[in-house]
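In UniProt numbering, the protein residues as written are 1 to 350.
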């Protein structure tokens, strides 16, 4: 959008598409022409990665090449201005290898309606919700150890209503605590300038054993994850790329700390990505715990990433693909039986 000068109380906005249309004569003025016409099209290509089995390449190199090839993927949807002349449409179909069986969709003059999510702010604060900054968790205080808080009591963070900074500060504390020995974490999507990654890099450079399971096949975030994987490896962190045929979608972290002759374990289990941006918008939960019933099973998950041929049993965590579905079935069946027996029964899903 381009905001034009206001006239009194009236505001004027023009779409960039129309600016280009208006300036066609300036752009192509050096050519001899009778008239110019402009039409918008939008092409959606097959985004599925074509992963080959080249044993001479690392999995990271294979994903990197596949993401590059995505730009020339097979068109699966073609939206065009319905006022476009038939001969021009036929020309485009021929050049792109489209036929009538493909998903050809006639549309209006504009196709990128998501652009309206960034419609210019022309004032009028009464049209906006009042800001609601996230709150601090009552147990977490400035200049106090978060690990010490978790040791005494589990902490449940609810985003975006509570600060994601608490999570980042936990990782930063682990990075500089001389008694922390290791940090293991799973990453699916992270922010562009990720403070989570920066804390992990700091931990690795401070001599901690940092293990990061990063999902290279996070749709449309592959390039970002490849970049961060290389940055982490350069810092000395150990980076694993998940499991063949599966996506690592869990949001877990395990911190180990030497306390006297024992190793204390602290774990986090979350529903949302460790991503500062989405944590300010999406409704998610993260549990921070020192409870051995939780930390032991989180450690089992990380051990599975190291030795995928082993099978681990879980009592408290629902870990797919082996345990989650049947456990959900059993829980649902229990509520059905309770309801039929006239007992209190309900199912709450997020």
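Just so it is clear, CB atoms sit at the ideal spot from N, CA and C, and this is done for glycine as well.
In chain order, 182 place their CB closer than 6 Å to the CB of residue 209, counting only its own chain and leaving out the 5 sequence neighbours on each side. Here residue 17 has 40 and 110 as same chain residues with Cβ atoms under 7 Å from its own Cβ, once five neighbours each way along the sequence are excluded. Residue range 209-214 is occupied by the beta strand (DSSP E) that includes residue 213. A direct Cα-Cα distance of roughly 37 Å separates residue 206 from residue 323. Annotation: residue 45 to residue 326 spans about 36 Å, alpha carbon to alpha carbon.
Straight across, the Cα-Cα distance linking residue 228 with residue 8 is about 50 Å. Nearest neighbour of residue 269 by Cα position, chosen from 261, 262, 89 and 301, turns out to be 301.
Closest by C-alpha distance to residue 273, out of 256, 132, 186 and 30, is 186. When secondary structure is reduced to three states using DSSP, residue 11 falls in the strand class. In the DSSP assignment, residue 166 falls within the alpha helix (DSSP H) that extends over 165-176. Taking the CA atoms as reference points, residue 74 sits about 54 Å from residue 258. Excluding residues up to 5 positions away in sequence, nothing lies with its Cβ nearer than 6 Å to the Cβ of residue 278 in the same chain. In this structure, residue 189 and residue 275 form a Cβ contact; the two beta carbons are roughly 5 Å apart against a cut-off of 8 Å. By the CB criterion at 8 Å, residue 146 and residue 170 fall inside the cutoff. Exposed is the label assigned to residue 25, since fewer than 16 other Cβ atoms lie within 10 Å of its Cβ.
Runs of the alpha helix (DSSP H) spanning 4 or more residues and lying entirely within the UniProt domain "Polyphosphate kinase C-terminal" (317-350) occur at 324-340, in chain order. Between the C-alpha atoms of residue 246 and residue 303 there is a straight-line separation of about 16 Å. According to the DSSP assignment, residue 293 belongs to the alpha helix (DSSP H) that extends over 292-306. By alpha-carbon distance to residue 234, the top candidate from 254, 244, 212 and 255 is 212.
For the pair residue 15 and residue 107, the Cα-to-Cα distance works out to about 17 Å. Going by beta carbons, residue 78 and residue 112 fall outside the 8 Å limit. For residue 202, the uninterrupted alpha helix (DSSP H) segment begins and ends at 195-205. Residue 124 sits exposed, since fewer than 16 C-beta atoms from the chains shown fall within 10 Å of its C-beta.
Taking 8 Å as the upper bound for CB-CB distance, residue 214 and residue 180 are not in contact here, some 21 Å apart. Counted as a single uninterrupted DSSP element, the beta strand (DSSP E) harbouring residue 259 occupies residues 251-259. Within the DSSP secondary-structure output, residue 238 pairs in a beta bridge with 211. Contact between residue 157 and residue 166 holds, with the beta-carbon distance rounding to 6 Å and staying under 8 Å.
Comparing alpha carbon positions, the residue from 296, 341, 119 and 267 closest to residue 288 is 267.
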